[in-house]
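Numbering of the sequence shown is given in the numbering used here, commencing with residue 7 and proceeding in unit increments.
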Amino acid sequence: MSPTGLPARVRIGYGLGSFATGTFGTVPGLLLLYYLTDVLGVGAGVAGLLVFLPKAWDVLLNPWIGSLSDRSTRTRLGPRRSWMLLGALTLPLCFAAMFAAPAGLDGGPAAAYVAVLFLLTASAYACFQVPYVALPAELTADPDERARVMSWRVAFLGLAILLSGALAPLLAGAGSGADDRGSAGGYRLMGVVIGAVLALGMCAAVVATAGAKSVVRTTSEPSLRAQLRAARGNAPFAWLLGAFVVQAAATGLMLAGTQYFATYILDRPSATTWLFACLIVPSLLAMPLWLAVGRRTGKRNAAVGASLCFLAGALGAAAGRELPPALVYVAVALAGVGYAGMQMLPMAMLGDAIAADAYRSGRRRAGVFTGLWTAGETLGLALGPGLFGLVLALGDFVSSDADERVAQPESALTAIVVGFGALPALLLVLSIPLLARYRLTEAELVGLRHEFTERDEESV
């Protein structure tokens with residue numbers, strides 16, 4: 007460990023929490039819409055709305071949890087980890103129940119059941135995610151060290167997405183025969199297994215980071231309204247958040263469309279696993295590359311480059327009906343290379359923006375910043391499946407239950423390709439100008455840290 011570095015236990019342990027965030031960010035986005043339309047027989051438009059609305063609730067919930075973890079929670083575990091533990095104890099149970107609709111339940115009643123459980127699940131996840139994202143800005147004052155912490159987080163994030171994205175469809179298809187589309191029993195099994203993965207990742211992060219001290223002595227804002235006002239005045243954070251929400255929606259679209267693309271375009275439901283492998287394996291290999299590029303050119307410039315890489319891959323996926331499957335996999339792999347930078351670099355930039363605010367103000371506001379951030383990420387990831395469901399409805403997609411597979415009209419097949427490739431590409435184009443407005447540099451952050459240290463020493 008370097009003089010200013012964190013112990014390996016803290017870096018790795020913090021990263022293990024991404025097994026929970028990566029898994030929860032992947033599996034509902036990948037399978038929940040499909041579970042509603044092709045297992046429970048819920049109409050595509052209604053299903054898209056149900057996937058969107060419970061997560062939209064987090065836009066209100068996440069800042070509130072962030073505010074509480076900043077100023078009002080006093081336990082032996084500390085303000086962040088007590089909330090993380092609450093999420094670890096409740097999320098796995100709610101997640102398993104969400105994919106365990108009672109036998110014989112379909113249509114409207116099934117939609118209501120899933121909507122209520124998804125609302126509870128999203129709320130439990132917020133209890134863990136908001137304080138978890140806030141920790142790096144408080145664990146170290148070194149921007150490069152934060153980037154190293156983020157590299158561990160994104161490495162485990164990519165591994166979690168790969169494992170959960172490959173394992174969940176296989177478990178959901180257990181016992182469903184040659185069609186491999188998924189069965190009600192398979193989805194129940196998947197919910198239990200993935201719920202256990204969520205519990206292990208969250209508990210590991212709580213235990214491994216226990217005892218790590220905050221490196222910035224701050225005081226909190228007296229109210230949530232005051233904290234929200236402060237967040238609006240942080241220009242780097244505001245532009246970065248806007249870009250990240252748009253890019254999260256693009257990612258959510260591709261996640262929601264993967265199973266549909268594999269089933270109806272590639273005509274191989276099991277190809278979902280291969281599509282995920284093509285997305286995540288290159289992203290794992292590309293992480294050191296983006297970390298090096300970020301150090302050389304600055305995090306913002308590297309993030310723009312990663313976005314352009316993902317954009318090129320999405321454009322290739324948009325031509326999926328005309329390209330041979332091998333080239334589709336290549337396009338998805340190219341998107342995976344960009345995805346690594348799109349995840350790792352903005353998270354490191356977020357830590358810098360939060361730290362800069364703390365240095366300027368001397369106040370503890372990480373929770374509300376990360377509350378808004380995770381709310382935006384959740385909203386974006388929810389918008390993706392919601393938009394995909396809307397596109398399917400406009401394309402006259404025909405829903406069914408798990409016992410039958412219906413032929414889709416040409417318009418539905420076009421809608422699947424548009425939602426999987428063309429719309430994500432459009433959103434990436436819209437996000438790049440927002441990302442370019444983030445202008446906090448590493449040199450400026452170092453100067454702010456020195457000024458803060460001098461003020462702190464003078465006040466002691």
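Using N, Cα and C, we set each Cβ at its ideal position, and we do this for glycine too.
- prompt: In or out: G23 buried (at least 16 other Cβ within 10 Å) or exposed?
  reply: By one-based count along the sequence shown, residue 23 stands at place 17. Its Cβ being crowded by 16 or more others within 10 Å, G23 is buried.
- prompt: Using 8 Å as the Cβ pair cut-off and three pairs as the minimum, do the region 284-296 and the region 343-351 touch?
  reply: Contact holds: three or more Cβ-Cβ distances are below 8 Å.
task: Could you say if the region 410-423 and the region 243-254 meet the contact criterion of at least three C-beta pairs nearer than 8 Å?
output: Fewer than three pairs of CB atoms, one per stretch, sit closer than 8 Å, so the region 410-423 makes no contact with the region 243-254.
- prompt: Starting from F282 and walking both ways along the alpha helix (DSSP H), at which residues does that stretch end?
  reply: The residue labelled residue 282 in the question sits at position 276 within the sequence shown. From DSSP, the alpha helix (DSSP H) with F282 extends over A277 to T303.
message: Does N467 come out as helix, strand or coil in the three-state DSSP assignment?
response: The structure shown does not extend to residue 467, since the chain is modelled only from 7 through 466, so no value can be given for it.
- prompt: Residue ranges of each alpha helix (DSSP H) run of no fewer than 4 residues wholly in the region 114-147, ordered along the chain?
  reply: Whole alpha helix (DSSP H) segments, 4+ residues: 142-145.
field: Among Y131, L37, Y444 and S405, the one whose alpha carbon lies nearest that of Y193
entry: Within the sequence shown, residue 193 is the residue found at index 187, counting from 1. Checking every option, the nearest Cα to that of Y193 belongs to L37.
query: Is the beta carbon of L195 less than 7 Å from the beta carbon of L206?
result: Here residue 195 refers to the residue found at position 189 of the sequence shown. Here residue 206 refers to the residue found at position 200 of the sequence shown. In this structure, L206 does not lie closer than 7 Å to L195 by Cβ.
task: Identify, in the order they occur along the chain, each residue of the same chain with its Cβ nearer than 7 Å to the Cβ of T447, setting aside the five sequence neighbours on each side.
output: Residue numbering aside, residue 447 sits at position 441 when the sequence shown is read from its first letter. Same-chain partners within the cutoff: G304.
- prompt: Using the rule of at least 16 other Cβ atoms within 10 Å of the residue's Cβ for burial, across every protein chain shown, is D64 buried or exposed?
  reply: Against the sequence shown, residue 64 aligns to sequence position 58. It is buried - the Cβ of D64 has at least 16 other Cβ atoms within 10 Å.
- prompt: Closer than 6 Å: is that where the CB of A121 sits relative to any heavy atom of the ligand GTP?
  reply: The ligand GTP is absent from the structure shown, which contains no ligand whatsoever.
field: A449 versus A354: straight-line alpha-carbon distance, rounded
entry: Translated into the one-based positions of the sequence shown, residue 449 becomes position 443. Translated into the one-based positions of the sequence shown, residue 354 becomes position 348. Whole-angstrom Cα-Cα distance: 15 Å.
Contact under 7 Å by Cβ, M260 with A94: Residue numbering aside, residue 260 sits at position 254 when the sequence shown is read from its first letter. Residue numbering aside, residue 94 sits at position 88 when the sequence shown is read from its first letter. The criterion of a C-beta distance shorter than 7 Å is not satisfied by M260 and A94.
task: Verify whether the separation of the beta carbon atoms of A210 and T279 is less than 7 Å.
output: Numbered from 1 along the sequence shown, position 204 holds the residue referred to as residue 210. Numbered from 1 along the sequence shown, position 273 holds the residue referred to as residue 279. Contact flag unset, no.
Exposed unless 16 or more other CB atoms sit within 10 angstroms - verdict on P87: Position 81 of the sequence shown, counting from 1, holds the residue named residue 87. First, the amino acid is wrong: residue 87 is Arg here, not Pro. Buried: at least 16 other Cβ atoms inside 10 Å.
- prompt: Secondary structure at F105, three-state DSSP: helix, strand or coil?
  reply: Position 99 of the sequence shown, counted from the start, is the residue given in the question as residue 105. F105 falls in the coil class under three-state DSSP.
message: Determine whether the beta carbon atoms of F30 and Y131 lie at a separation below 7 Å.
response: Mapped onto the sequence shown, residue 30 falls at position 24. Mapped onto the sequence shown, residue 131 falls at position 125. Yes, the pair counts as a contact, with Cβ atoms nearer than the cut-off.
field: Close-in-space but distant-in-sequence residues of the same chain around D273 (CB under 6 Å, 5 per side omitted)
entry: Here residue 273 refers to the residue found at position 267 when the sequence shown is read from its first residue. Counting only Cβ-Cβ distances below 6 Å, and skipping sequence neighbours, we find nothing.
Closest Cα partner of T312 within the set E328, V435 and T380: For the purposes of this step, residue 312 is taken as residue 306 along the sequence shown, with counting starting at 1. Going by the sequence as given, residue 312 is Ala instead of Thr. Residue V435 is the option with its Cα nearest to A312.
- request: Verify whether the separation of the beta carbon atoms of A50 and L398 is less than 7 Å.
  value: Numbered from its first residue, the sequence shown carries residue 50 at position 44. Numbered from its first residue, the sequence shown carries residue 398 at position 392. Cβ distance < 7 Å, so A50 and L398 count as in contact.
query: Grouping DSSP H, G and I as helix and E and B as strand, with all else coil, what is T224?
result: Indexing the sequence shown from 1 puts residue 224 at position 218. Caution applies to T224, whose pLDDT of 47 falls short of 50 and renders its modelled position unreliable; the model cannot decide the point.
task: Buried or exposed for A103, please, with buried defined as at least 16 other CB atoms from any protein chain shown within 10 angstroms of its CB.
output: Position 97 of the sequence shown, counting from 1, holds the residue named residue 103. With 16 or more other CB atoms across the displayed protein chains lying within 10 angstroms of its CB, A103 is buried.
field: alpha helix (DSSP H) runs contained entirely in the region 383-453, provided each spans 4 or more residues
entry: Look at the region 383-453 and you find these whole runs of alpha helix (DSSP H), each 4 residues long or longer: 416-423 and 429-442.
message: Just to confirm before moving on: does the CB-CB distance between N68 and G427 stay below 7 Å?
response: If you number the sequence shown from 1, residue 68 lands on position 62. If you number the sequence shown from 1, residue 427 lands on position 421. The Cβ-Cβ distance between N68 and G427 does not fall below 7 Å.
message: Using a 10 Å radius around the Cβ and a threshold of 16 neighbouring Cβ atoms, would you call G110 buried or exposed?
response: Numbered from 1 along the sequence shown, position 104 holds the residue referred to as residue 110. G110 should be labelled exposed.
- prompt: On the three-state DSSP scale, how would you describe P13?
  reply: Here residue 13 refers to the residue found at position 7 of the sequence shown. DSSP places P13 in the coil class of the three-state scheme, outside both helix and strand.
field: Simplified DSSP assignment, three categories, for E151
entry: Here residue 151 refers to the residue found at position 145 when the sequence shown is read from its first residue. E151 carries a helical assignment under DSSP once its states are collapsed to helix, strand and coil.
- prompt: Which class does L173 belong to by DSSP, given the choice of helix, strand or coil?
  reply: Numbered from 1 along the sequence shown, position 167 holds the residue referred to as residue 173. Helix at L173.
task: Leaving aside the five residues before and after V423 along the sequence, list all residues of the same chain whose C-beta is less than 6 Å from its C-beta, in chain order.
output: As a working mapping, residue 423 is identified with position 417 in the sequence shown. Excluding positions up to five away in sequence, the list reads G326 and R327.
- request: With a cut-off of 8 Å on the beta carbons, I'd call A128 and L46 a contact; round off their distance for me.
  value: Residue mapping note: residue 128 aligns to position 122 of the sequence shown, counting from 1. Residue mapping note: residue 46 aligns to position 40 of the sequence shown, counting from 1. That pair is no contact at about 19 Å.
task: Reducing DSSP to helix, strand and coil, say where A339 ends up.
output: Along the sequence shown, read from residue 1 onward, the residue named residue 339 stands at position 333. Helix at A339.
message: For S8 and A26, what's the separation of their Cα atoms in angstroms?
response: The count along the sequence shown starts at 1 and reaches residue 8 at position 2. The count along the sequence shown starts at 1 and reaches residue 26 at position 20. At S8 the pLDDT is 43, less than 50, meaning the model places this residue with poor confidence; the figure from the coordinates comes in the next sentence. Answer to the nearest angstrom: the Cα atoms are 29 Å apart.
message: Please state whether the Cβ-Cβ distance between P391 and G114 is less than 7 Å.
response: The count along the sequence shown starts at 1 and reaches residue 391 at position 385. The count along the sequence shown starts at 1 and reaches residue 114 at position 108. No, these two residues do not count as a Cβ contact at 7 Å.
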